[in-house]
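Trainee: Before I ask anything, here is the structure I am working with.
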Amino acid sequence: DQQVKQNSPSLSVQEGRISILNCDYTNSMFDYFLWYKKYPAEGPTFLISISSIKDKNEDGRFTVFLNKSAKHLSLHIVPSQPGDSAVYFCAAFHSGNTPLVFGKGTRLSVIA
Amino acid sequence: EPEVTQTPSHQVTQMGQEVILRCVPISNHLYFYWYRQILGQKVEFLVSFYNNEISEKSEIFDDQFSVERPDGSNFTLKIRSTKLEDSAMYFCASSEDRGNYGYTFGSGTRLTVV
Numbered sequence: 129d130q131q132v133k134q135n136s137p138s139l140s141v142q143e144g145r146i147s148i149l150n151c152d153y154t155n156s157m158f159d160y161f162l163w164y165k166k167y168p169a170e171g172p173t174f175l176i177s178i179s180s181i182k183d184k185n186e187d188g189r190f191t192v193f194l195n196k197s198a199k200h201l202s203l204h205i206v207p208s209q210p211g212d213s214a215v216y217f218c219a220a221f222h223s224g225n226t227p228l229v230f231g232k233g234t235r236l237s238v239i240a
Numbered sequence: 004e005p006e007v008t009q010t011p012s013h014q015v016t017q018m019g020q021e022v023i024l025r026c027v028p029i030s031n032h033l034y035f036y037w038y039r040q041i042l043g044q045k046v047e048f049l050v051s052f053y054n055n056e057i058s059e060k061s062e063i064f065d066d067q068f069s070v071e072r073p074d075g076s077n078f079t080l081k082i083r084s085t086k087l088e089d090s091a092m093y094f095c096a097s098s099e100d101r102g103n104y105g106y107t108f109g110s111g112t113r114l115t116v117v
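Protein sequences, first through last, are from chains X and W.
Under our numbering, think of the first position of the first sequence as 129, with each following residue one higher.
Under our numbering, think of the first position of the second sequence as 4, with each following residue one higher.
Laid out in structure tokens, this is it:
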């Protein structure tokens, strides 16, 4: 049962352009959503989060948008840089102490 | 910056053998987790640990698995009798609270069962 879905396994973007990574979820109990970045041979690194009471959270080049009615969130990276090339995982949990549930990840390649 | 440390980085073991994967969470964190990622698949939750006991576990975490916090710093995952399908990257994570600000993950242990 895939509660968190990332339907695009990969994405290629030119340096300087916007990267948009998408994520859908099915569990309406989720109230926190997070994005993690993972380089090869490293563990996932927390990037940015958003709670269900907000629809946008911004941190530098990274912005997460949440559309609760569509059960959809997205991560925007502007401008994209070659160092952003990694696998990006969407994750969600319910603050009643359920663990993080991850999507399958999207591999972002930023081309110089 | 505080880190979650995992050892070893790579473990090769024969099927049926016991393995212990070790983790040192961030010192002021209260919640501890094990996740795994089979090659090419998603990161899957195994178990969470709080206040010296398991708070939640997944279907994957069967009787072959156990966790322990033997002293004030280490958090271990034991697999009693490894199977080929246990081959995966195992990630330890810790968090200060229930995760509102994200878990901190270690770099993982690659377990290869032959």
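Glycine is no exception: its CB is placed at the ideal position from the N, C-alpha and C atoms.
#1: Measuring alpha carbon to alpha carbon, tell me which residue in X:Asn155, X:Ala240, X:Arg145, X:Tyr216 is nearest Ile176 of chain X.
#2: Can you list the residues of chain W that Phe230 of chain X reaches, using a CB-CB cut of under 9 angstroms?
#3: Going along the chain, which residues of its own chain have a beta-carbon closer than 7 angstroms to the beta-carbon of Leu33 of chain W, five neighbours each way excluded?
#4: Would you report the Cα separation of Val7 of chain W and Phe158 of chain X, rounded to the nearest angstrom?
#5: Using the three-state DSSP reduction, which class does Leu118 of chain W fall into: helix, strand or coil?
#6: For Glu62 of chain W, which residues in chain X fall below 7 angstroms Cβ to Cβ?
#7: If you draw a straight line from the alpha carbon of Lys133 of chain X to that of Asp152 of chain X, how long is it in whole angstroms?
#8: Starting from Tyr167 of chain X, trace the beta strand (DSSP E) both ways and give me its first and last residue.
#9: Checking 8 angstroms against the spacing of the C-beta atoms, do Ser110 of chain W and Glu170 of chain X come in under that value?
#10: In chain W, which residues lie with their C-beta within 8 angstroms of the C-beta of Asn226 of chain X?
#11: If we require 3 or more residues per run, which beta strand (DSSP E) segments fall completely within the segment 208 to 233 of chain X?
#12: Residues in the same chain with beta-carbon distance under 6 angstroms from Ser237 of chain X, minus the five sequence neighbours each way, listed in chain order, please.
#13: Nearest-angstrom Cα distance between Trp163 of chain X and Thr115 of chain W?
#14: Taking 8 angstroms as the threshold (beta carbon to beta carbon), is Pro168 of chain X in contact with chain W?
Mentor: Quick look at the numbers:
#1: Here the closest residue by C-alpha is X:Tyr216.
#2: Those are Tyr38, Gln40, Lys45, Val46, Glu47, Phe48, listed as they occur along chain W.
#3: Cβ neighbours of Leu33 of chain W beyond the five flanking positions: Tyr53, Glu99.
#4: Each residue's Cα considered, the two are about 26 angstroms apart.
#5: Residue 118 of chain W is absent from the model: chain W starts at 4 and stops at 117.
#6: Result: empty, since nearest Cβ-Cβ is about 11 angstroms, beyond 7 angstroms.
#7: Cα atoms of Lys133 of chain X and Asp152 of chain X: separation of roughly 5 angstroms, rounded to the nearest angstrom.
#8: Neither: Tyr167 of chain X is in no beta strand (DSSP E) and is coded neither H nor E.
#9: Going by C-beta atoms, Ser110 of chain W is nearer than 8 angstroms to Glu170 of chain X.
#10: First, the amino acid is wrong: residue 226 of chain X is Thr here, not Asn. Glu59, listed in chain order.
#11: Counting only runs of 3 or more, we get 214 to 221.
#12: The residues are Ser140, Ser213.
#13: Straight-line Cα distance between these residues: approximately 28 angstroms.
#14: Not closer than 8 angstroms to any Cβ of chain W, the Cβ of Pro168 of chain X fails to qualify, so no.
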